[in-house]
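The C-terminal residue of the sequence shown carries number 146 in the UniProt record's numbering, and the numbering is unbroken. These notes concern the structure reproduced below.
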Amino acid sequence: MEWKWKRAKMKQEDELLWKPIRLDQKGKSYSWGGGKRVGEILRDEAYKCAFCNGSGEKPRGAKCSACRGTGEVRLKPPVVMCAYCKGGGEEHPRANVTCTACRGKGFISVKEPVERCPHCRGTGADPHSKLSCIVCRGAGVVTAEE
Numbered sequence: 001m002e003w004k005w006k007r008a009k010m011k012q013e014d015e016l017l018w019k020p021i022r023l024d025q026k027g028k029s030y031s032w033g034g035g036k037r038v039g040e041i042l043r044d045e046a047y048k049c050a051f052c053n054g055s056g057e058k059p060r061g062a063k064c065s066a067c068r069g070t071g072e073v074r075l076k077p078p079v080v081m082c083a084y085c086k087g088g089g090e091e092h093p094r095a096n097v098t099c100t101a102c103r104g105k106g107f108i109s110v111k112e113p114v115e116r117c118p119h120c121r122g123t124g125a126d127p128h129s130k131l132s133c134i135v136c137r138g139a140g141v142v143t144a145e146e
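Structure below.
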């Protein structure tokens, strides 16, 4: 992983600032600190695999079960970040067990329009147990009724 610096404009001031970005092995840039939030509708088809962090292997030497070794997952848009694992792809941090809600991808396909899940209040976890929410299936959002 190599660090590069990129110019960015601040909205409050009209001066240029430098902010760090990360580049993976293939030269693709990923912004530092994410920018994606749970419940936010995303329109891309391809995302960096959350379970292996784009490396294609997890644990070392073994092919990633979420992306099948490609380092990238493809989903039909619109998608939201998985609320149950918070986009990390793991059931628990550093557990090496894929998330049951998103199957390690970190993102879940949804149908629009969406609203926050009334059962789990957008957390993706069942409030009475440690399992994923049975209403939204861990996405944190449900399809809104019109």
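Glycine is no exception: its CB is placed at the ideal position from the N, C-alpha and C atoms.
If you reduce the DSSP assignment to three classes, tell me which class residue i lands in.
i: residue 136; result: coil
i: residue 131; result: coil
i: residue 144; result: coil
i: residue 90; result: strand
i: residue 48; result: strand
i: residue 70; result: coil
i: residue 63; result: strand
i: residue 42; result: strand
i: residue 31; result: Note that residue 31 scores a pLDDT of 41, beneath 50, so its modelled location is shaky; the value from the coordinates is reported in the next line. Three-state result, residue 31: strand.
i: residue 57; result: strand
If you compare alpha carbons, which of the options is closest to residue i?
i: residue 146; options: 64, 113 and 68; result: 113
i: residue 43; options: 85, 109 and 58; result: 109
i: residue 119; options: 39, 61 and 141; result: 141
i: residue 48; options: 39, 64, 60 and 40; result: 64
i: residue 86; options: 138, 53 and 143; result: 138
i: residue 99; options: 144, 66 and 57; result: 66
i: residue 78; options: 128, 41, 144 and 62; result: 41
Would you grab the beta carbon distance between residue i and residue j for me? Rounded to a whole angstrom, and I think it's under 8 Å.
i: residue 95; j: residue 82; result: At roughly 15 Å, the Cβ-Cβ gap does not stay under 8 Å, so residue 95 and residue 82 are not in contact.
i: residue 125; j: residue 117; result: Contact flag wrong, Cβ pair sits at about 10 Å.
- Item | Inter-stretch contact at 8 Å, needing at least 3 Cβ pairs: the region 92-110 / the region 61-79 | yes
| task | Would you list, in sequence order, the uninterrupted beta strand (DSSP E) runs of no fewer than 3 residues that lie entirely inside the region 98-133? | result | 107-109 and 114-116
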